[in-house]
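Going down the list, the sequences are from chains G and U.
Residue numbers in the first sequence follow this note's numbering, run continuously in steps of one, and reach 279 at the last position.
Residue numbers in the second sequence follow this note's numbering, run continuously in steps of one, and reach 279 at the last position.
In this text, a Cβ means the ideal position worked out from N, Cα and C, and glycines have one as well.
Since the structure is predicted, the reported quantities are computational estimates derived from the model, not experimental observations.
Structure, as C-alpha cells:
2 protein chains.
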Amino acid sequence: MMKVRRIERIVALTKMLVDMPGRLFSLSHFSNLFGAAKSTLSEDMVTIKEAMQQFGLGTLETVSGAAGGVRFIPHRSDQAVNNLLLELAGKLAEPERIIQGGFLYMTDILFNPALMVQIGEIFRRQLGHLAPDYIMTVETKGIPLALMTARAFDLPLVIVRQGNKVTEGPAVSINYVTGSSKRIQTMSLPRRAIQAGAKVLVIDDFMKAGGTARGMIDLAGEVGVEVVGTGVLVATAEPAQKLVQDYLALLILHDVDQYSKKIDIRPAL
Amino acid sequence: MMKVRRIERIVALTKMLVDMPGRLFSLSHFSNLFGAAKSTLSEDMVTIKEAMQQFGLGTLETVSGAAGGVRFIPHRSDQAVNNLLLELAGKLAEPERIIQGGFLYMTDILFNPALMVQIGEIFRRQLGHLAPDYIMTVETKGIPLALMTARAFDLPLVIVRQGNKVTEGPAVSINYVTGSSKRIQTMSLPRRAIQAGAKVLVIDDFMKAGGTARGMIDLAGEVGVEVVGTGVLVATAEPAQKLVQDYLALLILHDVDQYSKKIDIRPAL
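See below:
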C-alpha cells in the first residue's frame, strides 16, 4: 500500500478499468491496491465516469451489494460508429479486393486488431441487451472479430471447428450446407467448451445465404445451448431470404461487379 | 473543441492511449480534440507516464520530429508476469484436462480474451526488441493469442491456413510434417496477406517437436519474408531437440501422466 496523488491514482484506475471492459472490480480490490478509502475511490469513479461520458468514450456501471463493484462499458457515439462503418465500407469497395469468383478480399481488415477492437465494441453496444454467456463463431476468418466482441463483453469465446479435431476430447458434430458453395460440410463443438443451458451470441465475418450461421444455431441446439442473437460484419443483400431470420449486419454488400470492378457496400446501422 | 478540466482530459487521454497500445498519436491530434495547447498536453503526458510507471502498468514513449507523437507501451513487472504464469500453470495442471492420447485441454484458457490480452503483452515485453512488422500464426487454436500479441504490438496479424482456401486469391503452399501425429499436412498463405521483405514474429499456443513452427518458417521463406522470432505459450520439455532452434516458451510442460493424472507444467521465464 502506498499513498499517491489523486491524479495518478485516477490514471491507474482508468487504465485498469479500460483494460478489461465489462469486468466487475470491487472497490475493496482498489482499496487494497491504493491504500485509499472506499469513499475516496467512489469519488474517483465519479470523476472517471464524467470524463468518459463527456467525451463519448464509455461509462462506468456501478453494481451495488456484497458482490458489487464497478465496471467500464465502452461506448461509441452514433456518429463515431457511422464514421467507422463508412470508412470500412470505403476500404472494402476498393476494386483490387475482387477475387476470382466474385469474392471480396477482407482478410487484412478482419485481422487488424485495432479495427476489430472497435467492431467488437459496436457489437457490444448493439447487442449487449441480449446478455449472452458466450460468444460463438466458426473457424477461421471470423475469429479475431468474435474474440474482440468477447473481450468487449468480458465473456469466453467458443470456436466451432470444421471437421473433428483430436485434441479437444468428445465433440458433437453436425453436417451443414454452405450457402455459397452448396457443399456439405461438418462442424463440431467440443463437449466441454460450453455449459448446457447457456445463452450464446453468434458472431461471424460474412453472411450470404446464412448456411454457416444456421449450422451454428443447429449445433448449439444439439449441445443444449440457446442462440440469443447473430451478428455479422458484412451480409449480402441477396438472397434477401436467409436461413437465419434474425441477425444484425453492420455492412450490407449490395453488389460486386467483376466486369466493371464496382463494389457497392454500405453501412446498415 | 471544448474547454475541459485537466483531470477529465487526462482520463480521456489515458483511455485513448491504453485502448490502442503501441499506436503513435500526434500531439496535434489531441490538441484538436481537446482544444488544448501542445505544451499543456505535454504536461498531461508527463503525469500519465509517471502514474503508469509508479504502478508498473506501462509507460509512454515519446517520438520526436514531424512524424512524432506519443504511444502507450504496456508493461508488467517481473512479479506480475511470474504470478500470471504460475496461475496459468496451476490451471493447466488440473487433472481433468488430460484428454485421450495424453493431450492437454487448453481451449478454455486460449479462448479467454482477458487472459490472452495479458499473454500478448508479455510477448510484447519479451520480444519487442525484435521489431517485427507482422505477427504470424497458423489456424486455429493459437489465433486469439496471436491476435492479442498483434494488438500489444499494434501490428497486423497474418494467419497461415491449413489446406487452400478459395476466398483469398493466389496462395503459396508447402507440405510439412507435424511433430505429434507425423502426418504430412499442407499449409498456405495468401500472396496478398504479407509484403515481401517484411519481418515476422511467429506466435503459437503449443510446441512439441516444432514441426508446425518449422513449417511456418519455411513458408515465410517461400513468400520472401523473414522470421525474426518464435514465441509459444507452452512447449514440451521432450523432445529437447526441436525443429526450431530459437524460440521463447512461457510455460514448459514436463510431463503428462495419464495413469496417475499428474501434470507437471512450470513457468519458463
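- Here Val80(G) is buried. Its C-beta has 16 or more other C-beta atoms within 10 Å.
- Within the segment 110 to 135 of chain U, the runs of alpha helix (DSSP H) at least 4 residues long that lie entirely inside it are, in chain order, 117 to 120.
- One thing to note: Met146(G) has its Cβ within 9 Å of the Cβ of Val170(G).
- Boundaries around Thr159(U) are those of the alpha helix (DSSP H), 153 to 163, since no beta strand (DSSP E) includes it.
- As a beta-bridge residue in DSSP terms, Leu70(U) pairs with Phe82(U).
- When the alpha-carbon of Val148(G) is set against those of Leu157(G), Leu140(G), Pro142(G), Ala141(G), the nearest one is in Leu157(G).
- If you draw a straight line from the Cα of Gly32(U) to the Cα of Leu70(U), it is about 9 Å long.
- For the C-beta of Asp29(U), the chain G residues within less than 8 Å are, from N- to C-terminus, Val28, Val127.
- For the segment 62 to 79 of chain G, the beta-carbon criterion of a distance under 8 Å to any beta-carbon of chain U is satisfied by Met62, Gln64, Phe65, Leu67, Gly68.
- The three-state secondary structure of Gly239(U), taken from DSSP, is strand.
- Around Tyr115(G), the beta-carbon contacts reaching into chain U at under 7 Å are Glu178, Gly179, Arg202.
- The beta carbons of Thr196(G) and Gly173(G) sit about 6 Å from each other, so the pair counts as a contact at 8 Å.
- When beta bridges are read from the DSSP output, Asp265(U) appears opposite Asp274(U).
- Counting along the chain, the unbroken alpha helix (DSSP H) around Met62(G) starts and ends at 48 to 64.
- Counting C-beta atoms within 10 angstroms of its own C-beta, Val56(G) has fewer than 16 neighbours from the protein chains shown and is therefore classed as exposed.
- For Glu248(U), no chain G residue has a Cβ inside 8 Å of its Cβ, as the nearest lies near 18 Å away.
- When Thr150(U), Gly220(U), Leu120(U), Asp164(U) are compared, the shortest CA-CA separation from Gly138(U) is found for Asp164(U).
- Not one beta carbon of chain G lies nearer than 9 Å to the beta carbon of Val182(U).
- Under the criterion of beta carbons closer than 8 Å, Thr240(G) and Ala219(G) do not qualify as touching, at roughly 13 Å.
- Taking 9 Å as the cut-off, the beta carbon of Leu140(U) is found no closer than this to the beta carbon of Val254(U).
- For Leu157(G), a Cβ of chain U is located within less than 9 Å of the residue's own Cβ.
- In the DSSP assignment, Ile169(G) falls within the beta strand (DSSP E) that extends over 167 to 172.
- Neighbourhood of Lys209(U) in chain G, by CB distance below 8 Å: empty, with the nearest CB roughly 17 Å away.
- The beta-carbon of Ala245(U) is placed no less than 9 Å from the nearest beta-carbon of chain G.
- Residues are counted here when their Cβ sits less than 7 Å from a Cβ of chain G; for the segment 30 to 58 of chain U these are Met30, Arg33, Thr57, Ile58, given in chain order.
- Contact note: Phe133(G) does not reach chain U at a C-beta cutoff of 8 Å; the least C-beta distance is about 13 Å.
- With distances taken between CA atoms, Arg161(G) lies nearest to Leu125(U) out of Gly225(U), Leu125(U), Val187(U).
- Its chain contains Tyr144, Ala160 as the residues whose beta carbon lies nearer than 7 Å to that of Pro166(U), once the 5 sequence neighbours on both sides are disregarded; these appear in chain order.
- For a cut-off of 8 Å, the C-beta gap from Gln136(G) to Leu258(G) is around 6 Å, short enough to register as a contact.
- Taken through DSSP and simplified to helix, strand or coil, Thr246(G) comes out as strand.
- Around the Cβ of Ser198(U), a 10 Å sphere holds 16 or more other Cβ atoms; the residue is buried.
- Burial state of Glu131(U) is buried, judged by a 10 Å Cβ sphere holding 16 or more other Cβ atoms.
- Looking at the DSSP output, Met146(G) shares a beta bridge with Val168(G), Val212(G).
- For Ala203(G), the number of other beta carbons within 10 angstroms of its own is at least 16, and it is reported as buried.
- Val212(G) sits away from Glu236(G), with the two beta carbons spaced by 9 Å or more.
- Distance from the CA atom of Ala247(U) to the CA atom of Asp265(U), rounded to whole angstroms, is 8 Å.
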